[in-house]
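Per this note's numbering, the sequence shown starts with residue 113, numbered consecutively. A virtual CB, placed ideally from N, CA and C, is assigned to each residue, including glycine. Treat the numbers as computed from the prediction; the structure is a model and nothing was measured. Below you'll find the structure, written out as C-alpha cells, and then a few comments.
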Amino acid sequence: LERTWLAARVFQPTGTMPGARDVPVVVYAHDCAGVDDDLRRWAEVLTGHGYAVIAPDHRARGGRAPACSAATLYGPADVPELATRDAEVRYALRQVRTLPWVRQQAVFLMGVGQGGVVAAGYAGPAFTGYVLTGWSCTSPHPRGGLATATTRPVLAIRWADDPWLRDPAWNGDCATSLGERPSSRSIVLDGTGHSVAGVASAERAVIDFLQRHTPR
C-alpha cells in the first residue's frame, strides 16, 4: 500500500504559494491504463479551479496488471485486484488525513473507468463526495451498484455508447443505484466514447459538483 502512495502524482492548484493551507483535495483513482490515462487533463481542470489532485499509482505495487484489452472493464479474475485497489484508496485517505495543508472537510474521490468501479464500490471511511466517470454501476460480477456512504453526494458521468459497456449485462445507469444519496445525479452524454476528459459539459458538471459540496 505504501508504494502506491509514495508513487502518487500530486498536483497543486494553480498559483498555490509554498506553505499554503486549507486546500481542497481530489483523490484520483485511475483507469486500467494507469496514471497516464486522463490524469493530466483532469489535473489541469481541477487545479485550475483550486483543487489539489493526488493520484496513487496502483501499478507501483507490481504483480498482475489489471486487464485493459478485454471487452469489459473487468472480469471475475480481476475482482481480487479491485479489492486491492479499494485498500489503496483507504490507505490514501488515511495519509491525506495527516497532511496539514488539506482542507479536511473537502476531500473527494474521483474514479475514472476501472477507477470508477473502485470508487463506486468503496465502502470505507467517507469522502466528502464521489465522482464516477466511464462507469455504469452495472455488472454481472461482484462490485456492481454503489457502496459509497449514503449520506454523501455522487456524480456519475458516462457516454450513451461506451465500447466497454455495450453488453446488456454492463449497459446500465448509476442513476438506479443512487437511492437517497443527497444532491446526486447521473449524466449520460449523447454519443460514443469512454473517457469524458476534454468534454466541456462533463468537466463543467464535475467542477460545479465539487464547488457545490466544498465547505467554505
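Exposed unless 16 or more other CB atoms sit within 10 angstroms - verdict on residue i
i    : result
T159 : buried
E315 : buried
Q217 : exposed
R279 : A quick correction: the sequence has Asp, not Arg, at residue 279. That one is exposed.
W213 : exposed
D148 : exposed
A132 : exposed
A343 : With the chain running from 113 to 328 in the structure shown, residue 343 is simply not present.
T304 : exposed
R209 : exposed
D143 : buried
D150 : buried
6 Å Cβ shell around residue i - same chain, five flanking residues per side excluded
i    : result
I319 : H161
T288 : none
P254 : V191
A55  : Since the first and last residues shown for the chain are 113 and 328, residue 55 lies out of range.
T250 : G256, W282, G284
D274 : H306
V219 : V137, V208, F239, T240
Same chain, Cβ closer than 7 Å to residue i, five either side skipped, listed in chain order
i    : result
T262 : G291, E292, R293
W117 : P168, Y203, A204, Q207
Sub-9 Å separation of residue i and residue j beta-carbons
i    : j    : result
A172 : A231 : no
Q226 : L277 : no
G223 : L244 : yes
F239 : V157 : no
P252 : W282 : yes
V229 : L194 : yes
S248 : G284 : yes
W271 : G246 : yes
L301 : G241 : no
P136 : R215 : yes
G310 : R153 : yes
G187 : R115 : no
A199 : L113 : yes
For residue i, the first and last residue of its enclosing alpha helix (DSSP H)
i    : result
F321 : 312-324
V230 : 226-232
V201 : 191-208
W154 : 151-159
L118 : 114-118
Residue range of the unbroken beta strand (DSSP E) whose run includes residue i
i    : result
T260 : Note, T260: premise wrong, no beta strand (DSSP E); not H, not E.
S298 : 297-304
W271 : 266-273
R121 : 121-123
A164 : 164-167
Own chain, CB closer than 8 Å to residue i, minus 5 neighbours either side, in chain order
i    : result
V201 : V139, A141, P168, L221, V230, A231, Y234, G236
ask   = Would the stretch 200-207 and the stretch 121-138 be scored as touching if the rule is three or more Cβ pairs under 8 Å?
value = No contact exists between the stretch 200-207 and the stretch 121-138.
Three or more C-beta pairs below 8 Å linking the stretch 266-277 and the stretch 296-304 = Yes: at least three Cβ pairs fall under 8 Å.
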